[in-house]
Each structure stands twice: as structure tokens, then as C-alpha cells.
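The opening residue of the sequence shown carries number 1 in UniProt numbering; numbering runs sequentially from there. Positions of the beta carbon are idealized from the N, C-alpha and C atoms, including for glycine. So the structure is just underneath, and the comments pick up after that.
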Amino acid sequence: MSAEPFILTAALDPAAADWFEDLRQTHFPPGRNQVPAHLTLFHALPGDQEAIIGDTLKAACARTPALSMEVRGPWSLGRGVAYRLSSPGLERLRADLVAAFEPWLTRQDRAPFRPHITVQNKADPEVARALLTHLQLDFEPFDVTATGLQVWRYLGAVGAGGRAPFSRPARAVTEKRLSGEYSYSVNHNRLINHLFTISDPALLLSV
């Protein structure tokens with residue numbers, strides 16, 4: 001039986017992660033929010049290629065500084081709301097990973113990259129429209145930071161995992177966050193962060 005596929009996301013600076021997660025916890029329909037707020041880079045990388053994927057991501061992180069991303073505003077998902085993000089650096093990083101993972105990419109992961117973070121989904125359309133209007137009021141673009149890569153897999157239960165940090169933290173990210181252990185737990189969270197090499201400090205990012 002083949003391993004469940006990996007999901008690759010961009011790790012956010014703690015303040016940004018908390019801000020988006022608060023919105024998601026507040027506005028998702030009860031019982032529908034099964035995973036934390038996330039910025040997906042790839043939806044399905046082969047779970048039986050762990051070593052190659054891990055080496056590729058570790059090398060990419062070692063040569064990549066923390067990346068600035070502009071949050072450009074909320075947009076409609078029909079039955080939900082997401083925030084659009086813009087980051088030339090993140091787009092270049094993903095393009096490099098697309099080239100590395102090309103033989104394995106699904107149709108979804110070959111599609112044009114539109115970075116976003118969903119804060120509501122599976123809601124009644126009227127509720128989603130009301131939230132979009134509310135979030136658009138007085139919105140001004142702001143910057144957040146991508147500090148590394150997160151690798152997840154669906155396992156059907158709450159679990160823990162780790163992150164691979166980029167080589168140089170942004171000024172707002174302290175060195176303390178580049179060592180130690182990381183774990184994440186949300187009620188009913190079925191998206192499980194998976195460490196490739198838990199004994200390698202270079203792949204760990206504490207929060």
C-alpha cells in the first residue's frame with residue numbers, strides 16, 4: 001500500500017500565522033475547519049519519495065532567505081473568502097521546485113500558482129458575501145514573511161511535526177526560532193505535519 005501523499009506549504013511568521021488562524025477559526029462553519037490556516041505550494045507530492053523530496057526541500061531552504069509576501073486583500077471563493085498574496089521570491093522558489101518535482105506533479109499542481117490563504121470555506125453564499133464585504137472595509141495591503149517550508153500528510157488524527165527553515169531569517173524573525181522542536185495541534189486537525197529527519201536540527205523550527 002502506497003504512502004499517503006505529502007502536502008507542501010509555506011511556513012508563516014508567527015504573528016501572521018496567528019492572525020490568519022484566528023480568522024479561520026472565527027469564520028469557518030462549525031465542524032468544517034479540519035486544518036489550520038495554510039498557504040499551499042503543492043497539493044500532492046508522492047508519499048513514497050520521502051528521501052528525495054526531503055533532500056530537495058532541505059537544499060532549497062539552505063539557499064533561500066526568508067521571503068517577504070504582500071497580502072493584497074480578500075477575494076471571493078463563492079462559498080468562502082481567501083486572502084491573495086504576492087511574492088516574486090516565493091514564485092521563484094516554487095518554480096524551482098516545480099522543475100525538481102515535474103515528473104510527479106498532478107494536474108492541480110501544474111496549474112498556474114495563485115498564492116492565497118483561505119479563512120472561510122463551505123459556508124452559505126450569503127454568509128460568505130457578508131464576510132467578504134466586512135473584510136474589505138478599510139483593508140490596506142500589508143507584508144508578512146515566509147520563514148520556511150512545511151510538509152504535511154493526511155493521517156486521520158491529530159499529530160505533530162516540523163518545519164525546514166530558510167537560510168536567513170527576516171529581521172522580525174529571531175534566531176531562537178531556528179532551533180528546537182515544533183509541534184502543532186488543533187481540535188479535529190487531520191492535516192499532520194511530517195518531519196523528514198527529526199534528528200537533523202537544520203530541519204526544525206521552533207515556535
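Each of A146, G80 and R153 was checked against the Cα of A11, and the nearest Cα belongs to A146. Residues K122 of the same chain have their beta carbon placed closer than 6 Å to that of R32, with the five preceding and five following residues left out of the count. When the beta-carbon positions are compared, A111 and G80 stay at least 8 Å from each other. Of the residues P30, R114, L41 and L57, the one whose Cα lies closest to the Cα of Y83 is R114. Exposure of A15 is indicated by the presence of fewer than 16 other C-beta atoms within 10 angstroms of its C-beta. DSSP places V127 inside the alpha helix (DSSP H), whose first and last residues are P125 to Q136.
Pairwise C-beta distances place the segment 51 to 62 in contact with the segment 135 to 155, as three or more of them are shorter than 8 Å. In the three-state reduction of the DSSP assignment, V35 falls in the coil class.
Residue pairing by DSSP puts E70 in a beta bridge opposite S86 and D143. The residue among R153, P30, E140 and T118 with its C-alpha nearest the C-alpha of L77 is T118.
Bounds of the beta strand (DSSP E) holding F6 are F6 to L12.
Three or more Cβ pairs closer than 8 Å define a contact, and the segment 13 to 28 falls short of that threshold against the segment 89 to 100. Between the C-alpha atoms of P30 and Q108 there is a straight-line separation of about 28 Å. A distance of 8 Å or more separates the beta carbons of L39 and W104. L8 counts as buried, since no fewer than 16 other beta carbons sit within 10 angstroms of its beta carbon.
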